[in-house]
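Everything below concerns the one structure shown next.
Number of protein chains: 2
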Amino acid sequence: MSVSLAESRPVLEADPSPDQILQIGMGFFASKTLLSAVELGVFTILADGPQTGEALEQALRLHPRATYDFLDGLVALGLLGRRGDGAEARYTNTPSTARFLDRGSPHYVGGILEMANARLYPFWADLTEALRTGKPQTEIKHNGKPVFEELYAEPARLEQFMDAMAGIGVLNFEAFAGKFDFSPFKSHVDIGGATGLLASKVQARHPHLSSASFDLPVVRPIAERHIKAAGLEGRVAAGEIDFFADEFPKADLITMGMILHDWNLANKKMLIAKAYRALPEGGAFVAIENIIDDARRENVFGLMMSLNMLIEFGEAFDFTGADFTAWCLEAGFSRCEILPLGGPASAAIAWK
Amino acid sequence: MSVSLAESRPVLEADPSPDQILQIGMGFFASKTLLSAVELGVFTILADGPQTGEALEQALRLHPRATYDFLDGLVALGLLGRRGDGAEARYTNTPSTARFLDRGSPHYVGGILEMANARLYPFWADLTEALRTGKPQTEIKHNGKPVFEELYAEPARLEQFMDAMAGIGVLNFEAFAGKFDFSPFKSHVDIGGATGLLASKVQARHPHLSSASFDLPVVRPIAERHIKAAGLEGRVAAGEIDFFADEFPKADLITMGMILHDWNLANKKMLIAKAYRALPEGGAFVAIENIIDDARRENVFGLMMSLNMLIEFGEAFDFTGADFTAWCLEAGFSRCEILPLGGPASAAIAWK
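Chain order of the listed sequences is A and B.
Note that the numbering used here numbers the first sequence so that position 286 is 1385, with each residue one more than the last.
Note that the numbering used here numbers the second sequence so that position 35 is 1134, with each residue one more than the last.
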């Protein structure tokens, strides 16, 4: 299903159409329509069964002017189904929205879209300023507080942020747990582990490992709750670390999921050096990220995510496999490898 | 070229991927990247020839943190070319961006993207409020003035708006001039004609017609300048009308391009009735718009544009061919027809 402006306009070499340009440039229409639908809980309400437009208007408290343009727009985007046409038609989830956008689904990925709706969409309005200044365009512009400091000050918002990250990370962590060879390792520590998701996904498939997820002290009770909910109590430990102040705990395998891209080059190198020091010979450090292709030509989402790091943090940036390899060899690692995880994500692996 | 999050993740019926959802939901990243590129004039600078990243950084006054993520992001989106990799690489326009996004090109469509960047992107941040209230989310929220009133108060901004509309309209007007049978008509009047573009495109191909473009008095000098620049002085007249206060001038063929969707139902019907009264038997009224398919399932851009009318005006809305037909038959027209123009646009034709 494409957000197509045009199926029928012929594309000639001598007289190309601007449809691709307009499709991308006006793509925020479709994007924000979906973000508002997630915010309003359309897909969660439809988990109870098909609904008429009128019933949805009531349940979502929509204005009558807006109801059908909103719902039929979602149908045309392939994000809702509709049985019948006209006033008696009933709207339904698609298999995909039922699985991924119903808040009651264990596969809910809407957290990242809720965050995009509340924060990133409006902050990206200042992209041009970010491109000109190299400075973040988030809450910090208004109240001077770095985003992580603010997040970590309020456990409820912190957990919301972590759920958002987990929703988008889970498929990558599952792919890593399925594709990587864990047999050489006895112990696994995930640094910056948030809810313990990466350590839990690995432990679930590789119970021979001793597993731990480390993050700031405020995160520990959140991680313990999630680990328990996953039925992995006693199998995944929740540890405390301030990865700026503390050395990493020793382990055969050290992972970081979507952490390195949050920091500038000096901090990236500092974290890689700490991983190196904590590993034995033959140990491995793995960063799971939207690793950009070396030629910086293919991984749209990785490059867009790096611009998002500019918006969020200024100096922080996403990187290529070649960048990762150069930093790790400089830190003393003996060789590196990039393991694609499907979609824009890869595991960047450095062997000591 | 797709804004793809994932080529390689397998899609299984039993275990679908959320890539389509994430691609649409995070699509504002790509959208705003292009809008900022148009704002900064990337494509206009590259009209003079390929440039290194460093040269573009200087010319566009980019911060070094941002330069390569921005430019390589545009490469990955298919919106720039790049000869070579690394620091010596030179960025180029694509055939499509050279034609449509260089401000010096006669085919420039960036006006609509400039307007989207400056106005629509930030206003769409309030889509949820629009869905709940049915109220516009534009300048009127902040200063109480309707957008058209404000635009028409300042000729420079008015002309900028008209250029934006012309950029996106020109292909539709050319398609209409090429596909519609003008042989039964001797006179053509375009109502709400702005720069005179629709009347000019028709006159250029059908010189047997007497042609005129009518709009508010403030628009007349702008239209006369554009008509002269198109070499059609003396062949397309620029007339004055307030289509709320005045009857339409009599003509065999009356057109309105992207006008009806700007108004609520009562005003749409008022305008259709005025067209009817101004036509002879056998005359035709034509509305060129992003006519939505009758089932409201296919024309994504038409439905999104209708949500944009909600954001811009509140009550205004886009409509289906069936809607248009019902209103025109009610006004006395004898039959209607929808002529697809390529892309999301059609000509809706009503015969008296």
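Idealized CB from N, CA, C, for every residue including glycine.
Item	Value
Compute the Euclidean distance between the alpha carbons of residue 1111(B) and residue 1390(A), then round it to the nearest angstrom.	Low local confidence applies: a pLDDT of 43 at residue 1111(B) is under 50, so the model's placement there is unreliable, with the coordinate-based value given in what follows. Answer to the nearest angstrom: the Cα atoms are 24 angstroms apart.
Name the two residues that bound the continuous alpha helix (DSSP H) containing residue 1375(B).	1364 to 1377
Taking Cβ positions, are residue 1444(A) and residue 1388(A) nearer each other than 9 angstroms?	yes
Just tell me which of 1364(A), 1129(A), 1334(A) and 1188(A) has its CA closest to the CA of residue 1224(B).	1129(A)
Cα separation between residue 1433(B) and residue 1270(A)?	58 angstroms
Quick one: is residue 1198(B) near chain A, going by C-beta distance under 9 angstroms?	yes
Please return the same chain residues whose Cβ sits closer than 8 angstroms to the Cβ of residue 1408(A), not counting the five positions on each side in sequence.	1360, 1361, 1415, 1416 and 1417
Note down the Cα distance separating residue 1159(B) from residue 1146(A), rounded to an integer number of angstroms.	49 angstroms
Give a yes or no on whether the minimum CB-CB distance between residue 1155(B) and chain A is below 9 angstroms.	no
Please report the Cβ distance between residue 1294(A) and residue 1321(A), rounded to the nearest whole angstrom; I am assuming they are in contact, meaning their Cβ atoms lie under 8 angstroms.	6 angstroms
Could you tell me which residues DSSP puts in a beta bridge with residue 1313(A)?	1290(A) and 1338(A)
Report the residues of the segment 1211 to 1245 of chain A with a CB closer than 9 angstroms to any CB of chain B, ordered along the chain.	1211, 1212, 1215, 1216, 1219, 1220, 1221, 1223, 1224, 1226, 1227, 1229, 1230, 1231, 1232, 1233 and 1234
Using only the alpha-carbon positions, how far apart do residue 1172(B) and residue 1402(A) sit?	5 angstroms
Please give me, in chain order, every unbroken run of the beta strand (DSSP E) with length at least 3 that falls completely inside the segment 1121 to 1186 of chain B.	1180 to 1182
Which residues bound the beta strand (DSSP E) around residue 1356(A)?	1352 to 1356
Under the three-state reduction of DSSP, which class applies to residue 1385(B): helix, strand or coil?	strand
If you draw a straight line from the C-alpha of residue 1190(B) to the C-alpha of residue 1148(B), how long is it?	9 angstroms
Do the CB positions of residue 1127(B) and residue 1219(A) come within less than 9 angstroms of each other?	yes
What did DSSP end up calling residue 1190(B) once you bin it into helix, strand or coil?	strand
Would you mind listing the alpha helix (DSSP H) stretches within the segment 1217 to 1292 of chain A that are 4+ residues and don't spill past its ends, in chain order?	1220 to 1223, 1226 to 1232, 1238 to 1242, 1246 to 1251 and 1254 to 1278
May I ask you to list the residues that DSSP assigns as paired with residue 1445(B)?	1388(B) and 1439(B)
Can you confirm whether residue 1433(A), when its beta carbon is compared against all beta carbons of chain B, has any partner nearer than 9 angstroms?	no
Does chain B have any CB closer than 9 angstroms to the CB of residue 1278(A)?	no
So, does the CB of residue 1394(A) fall closer than 9 angstroms to a CB anywhere in chain B?	yes
With a threshold of 9 angstroms between beta-carbons, can residue 1353(B) be considered close to chain A, or not?	no
Can you check whether the CB of residue 1300(B) is closer than 9 angstroms to the CB of residue 1275(B)?	yes
Apply the 10 Å Cβ neighbour rule to residue 1341(B) and answer buried if 16 or more other Cβ atoms are within range, or exposed otherwise.	exposed
Going along the chain, which residues of its own chain have a beta-carbon closer than 6 angstroms to the beta-carbon of residue 1107(B), five neighbours each way excluded?	Low per-residue confidence applies at residue 1107(B): pLDDT is 42, beneath 50, and the placement is therefore not dependable enough to give any value.
Are residue 1329(B) and residue 1335(B) closer than 9 angstroms when you measure CB to CB?	yes
Taking only beta-carbon atoms, is residue 1138(B) less than 9 angstroms away from chain A?	yes
Classify residue 1240(A) as buried or exposed, calling it buried when 16 or more other Cβ atoms lie within 10 Å of its own Cβ.	exposed
Is there a Cβ from chain B that is less than 9 angstroms from the Cβ of residue 1403(A)?	yes
Using a Cβ-Cβ cut-off of 8 angstroms (strictly less than) and excluding sequence neighbours within five positions of residue 1368(B), which residues of its own chain qualify?	1426, 1429 and 1430
Short of 8 angstroms in beta carbon distance, which residues of its chain neighbour residue 1385(A), apart from the five on each side in sequence? Order them along the chain.	1275, 1279, 1352, 1353, 1354, 1355, 1446, 1447, 1448 and 1449
If we cut at 9 angstroms on Cβ distances, does residue 1125(A) have a partner in chain B?	yes
When you compare only the Cα positions, how much space is there between residue 1438(B) and residue 1420(B)?	10 angstroms
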